[in-house]
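Trainee:
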Amino acid sequence: MQREILHVDVNNAFLSWLAVYKLEQGESLDIRTIPAVIGGDEKQRHGIVLAKSNLAKQFGIKTGEPLYSARKKCPTIKIYESNFKVYKRYSDMLFQLLQEYSFKIERFSIDECFVDMTEFLNNRKLIDVAYEISKKVREELKFTVNIGVAHNKLLAKMASDFQKPNRVHTLYEKEIPRKMWILPISELFMVGKRTLPKLYNMNIRTIGDLAKSDKNILIKKFGKFGKVMWEYANGIDDSEVNYLKQKPKGVGNSTTVSQDITNIEKIEEVLLALTEHTTYRLRKYNMVGSVVSVQLRTSDFKNYSHQRKLNFATNSTKEIFKVAKDLVRQLYKNEPIRLIGIRIDNLCDEEEKQISLFEDINIKKQEKLDKVVDNIKDKFGYEIITRAGDMKQTKNINRKD
DNA sequence: TCTGGGGTCCTAGGACCC
DNA sequence: TCTGGGGTCCTAGGACCC
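In structure tokens form, the structure reads like this:
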């Protein structure tokens, strides 16, 4: 059966949302109307562009580039701090609004949703619904979206990326040659900067070139990914709108430190703060994990990682830190370190956790104790209870929940 | 004061087993 | 008169997305 899919994409999300927030707070300047970006703190070495206004874009400023380079392109650029609480609020409002149309909504990211309208059109045309949503968001929420209208997710997503902002675009099968095949190959979803030169070498420059190329040669060269690319270029995508809340498969935290670290004790200090935060989040999900990995990035941007599978699953700060510390000691080769990270994977629900022969009773006790500490933190603030030496670093770790 | 942070998925090679 | 061959699990690294 033919499906009816919308992809809703907030225009310049972080910047637009901050603009709306500022106006709501009574400020008169709409930062969407000036060259402006959302950027991280340069003193903390987090200084990259996270979002930009359309005027900033006209100066050639790109998301992800360093702020110093953005400033070079536009010396008068205004830079605003990131505020995830604000983003979350407007993202939730958008989601609420979309739910009036269909409950089959996949939150693809904080600023993008897929909406499956197949069973909810009631004889209306999909494009009419798209225009109605567009108008409603603009009028009620005060920011704009692009909406892609298609019969599968990939085409809806590609369509929402056409001319911006505040637009509705269709991309039906018969429109693929005219609207999609003419685009440069870099525009295709999943074709990133590593794949691009490889495709150029094969004389593939447009999405159309890829669509018409030999599928089997692509599979030979790129494996599974080759097949996906070829199918996407031809507008083929059978994936469902995953509207049920997905459980995380892994959680992690990492931080770029304000100055390179050159001793293991300092690394462990940061690692402890990161471990506390990651396991705190894991406990909030009521989940446990059994693969611990740590990551180091050197001052010259080389990445190293080590991971270890445990023979039990846990969310105990102490247990996980014990492993993480061990891993980082193996990993550290006296190079100056700029980023430290920890992840926990292979997650499962706390209740479904298999009782392992290797897990001793103390770990269970430890997990319970951690939850008691979590509750105190929830009540009195995250900073109240910290392990010794943890204070300075904890503040630098970006917490979102 | 050049290059964030949080995810998911895939691959390749080695260990290990039957 | 050197080398089996699947299958699974584990690890390190890399690709992509926002």
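If you count the first sequence from 1, position 91 lands on 90 in numbering that gives the first Met the number 0, and the numbers rise without skipping. Where is the CB? At the ideal position from N, CA and C, for every residue including glycine. Everything numeric in this text was worked out from a predicted model, so none of it was measured.
The beta strand (DSSP E) that contains residue 189, what's its start and end?
Mentor: No beta strand (DSSP E) holds residue 189; DSSP gives it neither H nor E.
Trainee: Reducing DSSP to helix, strand and coil, say where residue 305 ends up.
Mentor: Note: residue 305 maps to strand in three-state DSSP.
Trainee: With H, G and I counted as helix, E and B as strand and the rest as coil, what does DSSP make of residue 243?
Mentor: Of the three classes helix, strand and coil, the one that applies to residue 243 here is coil, per DSSP.
Trainee: What residue range does the alpha helix (DSSP H) around residue 320 cover?
Mentor: Element bounds for residue 320: 316-330.
Trainee: Classify residue 335: buried if its beta carbon has 16 or more other beta carbons within 10 angstroms, exposed otherwise.
Mentor: Classification of residue 335: exposed, given that the 10 Å Cβ count is below 16.
Trainee: Are residue 175 and residue 270 touching if we call contact CB-CB under 9 Å?
Mentor: No. Outside cutoff.
Trainee: Between the Cα of residue 49 and the Cα atoms of 23, 16, 141, 210, which residue gives the shortest distance?
Mentor: The option with the nearest alpha carbon to residue 49 is 16.
Trainee: Are the segment 58-72 and the segment 97-108 touching, with three or more C-beta to C-beta distances below 8 Å?
Mentor: Touching, no, given that fewer than three Cβ pairs across the two stretches are closer than 8 Å.
Trainee: Considering only C-alpha positions, which residue in the set 167, 157, 162 is nearest to residue 179?
Mentor: Here the closest residue by C-alpha is 157.
Trainee: CA-CA distance, residue 124 and residue 220?
Mentor: Each residue's alpha carbon lies about 42 Å from the other.
Trainee: With DSSP run on the structure shown, which of helix, strand or coil describes residue 142?
Mentor: If DSSP states are grouped into helix, strand and coil, residue 142 belongs with coil.
Trainee: To the nearest angstrom, report how far apart residue 20 and residue 252 are at their CA atoms.
Mentor: In a straight line, the C-alpha of residue 20 is about 28 Å away from that of residue 252.
Trainee: Quick check on DSSP: helix, strand or coil for residue 150?
Mentor: Of the three classes helix, strand and coil, the one that applies to residue 150 here is coil, per DSSP.
Trainee: Based on Cα-Cα distance, which residue from 357, 187, 136 lies nearest to residue 93?
Mentor: The residue with the shortest Cα to Cα distance from residue 93 is 136.
Trainee: Given this structure, state the Cα-to-Cα distance separating residue 32 from residue 55, to the nearest angstrom.
Mentor: Computed Cα separation, rounded: 10 Å.
Trainee: Check each candidate in 113, 11, 290, 191 and name the one with the smallest Cα separation from residue 313.
Mentor: The shortest C-alpha separation from residue 313 is found at 290.
Trainee: Is the Cβ-Cβ distance between residue 170 and residue 228 less than 9 Å?
Mentor: No, Cβ-Cβ distance for residue 170 and residue 228 is not below 9 Å.
Trainee: Identify the continuous alpha helix (DSSP H) that holds residue 216 and give its terminal residues.
Mentor: Run containing residue 216: 214-221, per the alpha helix (DSSP H) assignment.
Trainee: Might you give, ordered along the chain, the residues of its own chain that have their beta carbon closer than 7 Å to the beta carbon of residue 73, omitting 5 neighbours on each side?
Mentor: The answer, listed in chain order, is 34, 55, 58, 60.
Trainee: Please classify residue 83: does DSSP put it in a helix, a strand, or coil?
Mentor: Helix, per DSSP.
Trainee: How long is the line joining the alpha carbons of residue 294 and residue 321, rounded to whole angstroms?
Mentor: Roughly 15 Å between the two C-alpha positions.
Trainee: The beta strand (DSSP E) that contains residue 105, what's its start and end?
Mentor: Counting along the chain, the beta strand (DSSP E) containing residue 105 begins and ends at 104-108.
Trainee: Check whether the segment 274-292 and the segment 233-242 are in contact - that is, three or more C-beta pairs closer than 8 Å.
Mentor: Counting Cβ pairs under 8 Å, fewer than three are found: no touch.
Trainee: Assign residue 138 to one of two classes, buried (16 or more other C-beta atoms within 10 Å of its C-beta) or exposed (fewer than that).
Mentor: Label assigned to residue 138: exposed.
Trainee: What distance in whole Å lies between the Cβ atoms of residue 53 and residue 122, which are believed to be in contact at a cut-off of 8 Å?
Mentor: Between residue 53 and residue 122 the Cβ distance is about 37 Å, and since that is not below 8 Å, they are no contact.
Trainee: Examine the Cβ distances between the segment 348-368 and the segment 298-314 and report whether three or more of them are shorter than 8 Å.
Mentor: Cβ pair count under 8 Å is three or more, so yes.
Trainee: Just to confirm my understanding: we take residue 25, look at its own chain, exclude 5 residues before and 5 after, and list those with CB closer than 8 Å. What are they?
Mentor: The answer is none, since no qualifying residue turns up.
Trainee: I'd like to check one pair, residue 96 with residue 146: are the Cβ atoms closer than 9 Å?
Mentor: For residue 146 and residue 96, no; Cβs fall outside 9 Å.
Trainee: Could you check how far apart the C-beta atoms of residue 209 and residue 195 are, in whole angstroms? I think they sit under 8 Å.
Mentor: No, residue 209 and residue 195 are not in contact; Cβ-Cβ is about 11 Å, not under 8 Å.
Trainee: Tell me whether residue 13 is buried or exposed, calling it buried when 16 or more other Cβ atoms sit within 10 Å of its Cβ.
Mentor: Flag for residue 13 reads buried.
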